[in-house]
Amino acid sequence: MTLKEAINEHADTLVRATAAGGFIRCVAAVTTNTAAEAARRHQTTHTVSAALGRTLTGALLLGAGQKEFDRLTVRIEGDGPVGSITVESNKFGQVRGYAREPRADELLNGDGSYLLNEQGKFSVRSIIGEGMLHVSYESGFDIGLHREPYRGSVPLQTGELGEDFAYYLAKSEQIPSAVSLGVLVRARESGETFVEAAGGVMVQVMPGADERVVAAIESSIGKNLSTTNLIREGARPVDLLRAALSDIQFEVLEERVVGFACTCSYERAASLISSIDAVELEAMLREDKGASLTCHFCNETYRIDEPTLAEMVEKNRSVVCE
Numbered sequence: 037m038t039l040k041e042a043i044n045e046h047a048d049t050l051v052r053a054t055a056a057g058g059f060i061r062c063v064a065a066v067t068t069n070t071a072a073e074a075a076r077r078h079q080t081t082h083t084v085s086a087a088l089g090r091t092l093t094g095a096l097l098l099g100a101g102q103k104e105f106d107r108l109t110v111r112i113e114g115d116g117p118v119g120s121i122t123v124e125s126n127k128f129g130q131v132r133g134y135a136r137e138p139r140a141d142e143l144l145n146g147d148g149s150y151l152l153n154e155q156g157k158f159s160v161r162s163i164i165g166e167g168m169l170h171v172s173y174e175s176g177f178d179i180g181l182h183r184e185p186y187r188g189s190v191p192l193q194t195g196e197l198g199e200d201f202a203y204y205l206a207k208s209e210q211i212p213s214a215v216s217l218g219v220l221v222r223a224r225e226s227g228e229t230f231v232e233a234a235g236g237v238m239v240q241v242m243p244g245a246d247e248r249v250v251a252a253i254e255s256s257i258g259k260n261l262s263t264t265n266l267i268r269e270g271a272r273p274v275d276l277l278r279a280a281l282s283d284i285q286f287e288v289l290e291e292r293v294v295g296f297a298c299t300c301s302y303e304r305a306a307s308l309i310s311s312i313d314a315v316e317l318e319a320m321l322r323e324d325k326g327a328s329l330t331c332h333f334c335n336e337t338y339r340i341d342e343p344t345l346a347e348m349v350e351k352n353r354s355v356v357c358e
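Numbering (the numbering used here), first residue to last: 37 to 358.
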């Protein structure tokens, strides 16, 4: 499938662009399918769907401008009922993630109801609480090298995540930035969570930028940027950039398809299970007649049947005997 065909089929996409002679860097993404897939896989409640979708989008925006990294990890750790949110993205635009407590709304209120913030949106802050935002970039794995990862951490400022990502960029990477992250969540008649729109915009100001241009962008973002409303009306990433930058011209550098994707597989699961101590494997075979392993990131469960587990036990016995 070509990029044009993917866009026509409403695939999630991300755009990198530059403006004001390179002094303004900007990224925008539509991530509706990505957020919806994460919510479906983890069966998240309304507010957790919004929080996880924003974190997935934020990780894609952060990773878009990095030229040399294999994996970007974003971890939100708070004292609220969701516990933590962990997301990984790579340079190919693939992202995966999970929340420690996917049903945090139920833990917060008991009856599964949710809280709204002053804007009438799901109060992501209420399930995250106070805590830290951690970001790490890892590189070298694609060419067989192990390099010390770059890590940065900042205290959460609002817990609504857009402002927290912007604060991270300003403090940890010294780049003044505006970040808008949005996930519009609805409930079907069955009570199931439905992600209607999701996406985000990141605008970064490089040293030497014209102050009048910066002021114009700040005004435009404050007045015009309602990310999820625009996406619900059919906006693509370029349209989000036009809304964020208003009359300021920009040049698109790259457009790519992004989406939820996990690196787990049956083979990896089998390899992990086969490495378990022989005594434990024999107990699994005797008591459970098989084994299973569930991936935290995508909630996929891999089952090892009884004959396959028996073969693993025999191999482990052979190794011990040798």
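Don't be surprised by glycine CBs; every beta carbon is placed ideally from N, CA and C.
- Comparing C-alpha distances from Val294 to each of Glu318, Ala55, Arg187 and Gly235 shows the shortest one belongs to Gly235.
- Two segments are said to touch when three or more pairs of C-beta atoms, one from each, lie closer than 8 Å; by this definition the region 75 to 92 does not touch the region 44 to 55.
- When Val315, Cys300, Arg76 and Thr194 are compared, the shortest CA-CA separation from Gly114 is found for Thr194.
- Scanning its chain for C-beta atoms nearer than 7 Å, with the 5 sequence neighbours on each side dropped, one finds around Tyr173 the residues Gln102, Phe105, Leu108, Pro185 and Tyr186, in chain order.
- Counting C-beta atoms within 10 angstroms of its own C-beta, Ser307 has fewer than 16 neighbours from the protein chains shown and is therefore classed as exposed.
- Within the same chain, and ignoring the five residues on either side of Gly119 in sequence, the residues whose Cβ sits closer than 7 Å to its Cβ are Arg136 and Glu137.
- Inter-residue distance for Leu92 and Leu143 is about 23 Å (C-alpha atoms, whole angstroms).
- Rounded to whole angstroms, the separation of the alpha carbons of Leu98 and Thr263 is 17 Å.
- As the crow flies, the alpha-carbon of Met168 is around 26 Å from that of Thr68.
- Under the three-state reduction of DSSP, Arg268 is assigned to helix.
- Residue Ser213 holds the alpha-carbon nearest to the alpha-carbon of Val250 among Asp313, Lys127 and Ser213.
- Inclusion of Gly165 and Phe333 in the CB contact set at 8 Å is not warranted, their separation being larger than that value.
- If you ignore the 5 residues before and after Ser208, its C-beta comes within less than 8 Å of the C-beta of Val171, Gly188, Ser189 and Val190, all in its own chain and listed in chain order.
- The residues Leu321, Gly326 and Ala327, in chain order, have a CB closer than 6 Å to that of Leu345 in the same chain once the five nearest residues on each side in sequence are set aside.
- Per DSSP, the unbroken alpha helix (DSSP H) holding Ser307 starts and ends at Tyr302 to Ser310.
- Per the C-alpha coordinates, the member of Val215, Ala47, Cys331 and Leu317 positioned closest to Glu347 is Leu317.
- Ser125 counts as buried, since at least 16 other C-beta atoms from the protein chains shown sit within 10 angstroms of its C-beta.
- For Phe128, the secondary structure class from DSSP, reduced to helix, strand or coil, is coil.
- In the DSSP assignment, His170 forms a beta bridge with Arg111 and Ser189.
- Of the residues assessed, Pro117 falls on the buried side of the cut-off, its CB having 16 or more other CB atoms within 10 angstroms.
- The beta carbons of Leu217 and Gly94 sit about 6 Å from each other, so the pair counts as a contact at 8 Å.
- Here Pro273 is near Val66, since their CB atoms are less than 8 Å apart.
- Nearest Cα to Asp283 within the set Asn265, Ala223, Val215 and Arg248: Arg248.
- In the three-state reduction of the DSSP assignment, Ser216 falls in the strand class.
- DSSP lists Arg52 as the bridge partner or partners of Glu290.
- In the DSSP annotation of this structure, the continuous segment of the alpha helix (DSSP H) that includes Ala314 starts and ends at Ala314 to Asp324.
- Within the same chain, Cβ atoms closer than 6 Å to the Cβ of Ala305 are found at Leu329 and Tyr338, the five residues on either side in sequence being excluded.
- Burial is judged here by how many other beta carbons sit within 10 angstroms of a residue's own beta carbon; Val288 has fewer than 16 and is exposed.
- When Asp324, Cys331 and Asn335 are compared, the shortest CA-CA separation from Asp341 is found for Asp324.
- A Cβ-Cβ distance of about 7 Å is found for the pair Val237 and Leu277, placing them in contact under the 8 Å criterion.
- Going by DSSP, Ile211 is part of no alpha helix (DSSP H) at all; its letter is neither H nor E.
- Cβ-Cβ separation between Ile121 and Val241: approximately 27 Å, too far for a contact (criterion under 8 Å).
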